[in-house]
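Numbering (this note's numbering), first residue to last: 524 to 701.
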């Protein structure tokens, strides 16, 4: 049975080889023409996708409404070229707001310094009166607490000024990016 299977396989391989090589006679046919100028008669139509060689993501330092666009889609651009202008109105308003916040912070510092001067004067009076046994120790303690609170208010007001100055600087920087 095994011999029969091997014999049939060899016959099938031999027939396949015969039909494969029988149709190929080895002579290739060529069509030749004399060279002449003329119109192209045959054209090829194909569909496909064109992809850019280099794609660049473009971004901005600030977000906002575009006021002007100076280039079109797929236009070639150079490094540093302005391609759009962001509407500066929002950033101008932010700068004005930051400037106003700075003025408020400066006014709060003046107010806190005035309160500190007043509480220092009251503390000195309370200590003087206490030394003459005219007021209780609790009143001196209250005056000291008020003085410490006023000092903390001055420190907080100075910090608010620093914060307002930083906000104003950021607003001015953002305005330059528009």
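Just so you know, even glycine gets a beta-carbon here, dropped at the ideal spot from N, CA and C. Only a predicted model underlies this, so the values are computations on that prediction, with no experimental measurement involved.
| Check | Outcome |
| --- | --- |
| Inter-stretch contact at 8 Å, needing at least 3 Cβ pairs: the segment 662 to 672 / the segment 612 to 627 | no |
| Residue burial classification, residue 599 (beta-carbon count within 10 angstroms, cutoff 16) | exposed |
| Contact set for residue 607: own chain, Cβ-Cβ below 7 Å, skip 5 residues either direction | 589, 591, 592 and 593 |
| Neighbourhood of residue 512 by C-beta distance below 8 Å, restricted to the same chain and skipping five residues each side | Because the chain in this structure spans residues 524 to 701, residue 512 falls outside the shown range and cannot be described. |
| Beta-carbon gap between residue 638 and residue 682 smaller than 8 Å | no |
| Uninterrupted alpha helix (DSSP H) stretches inside the segment 616 to 680 (no shorter than 4 residues) | none |
| Spatial neighbours of residue 636 in its chain, beta-carbon cut-off 6 Å, leaving aside the 5 residues before and after | 677 |
| 8 Å Cβ cutoff met for residue 700 and residue 578 | no |
| Collapsed DSSP secondary structure at residue 607 in the structure displayed | strand |
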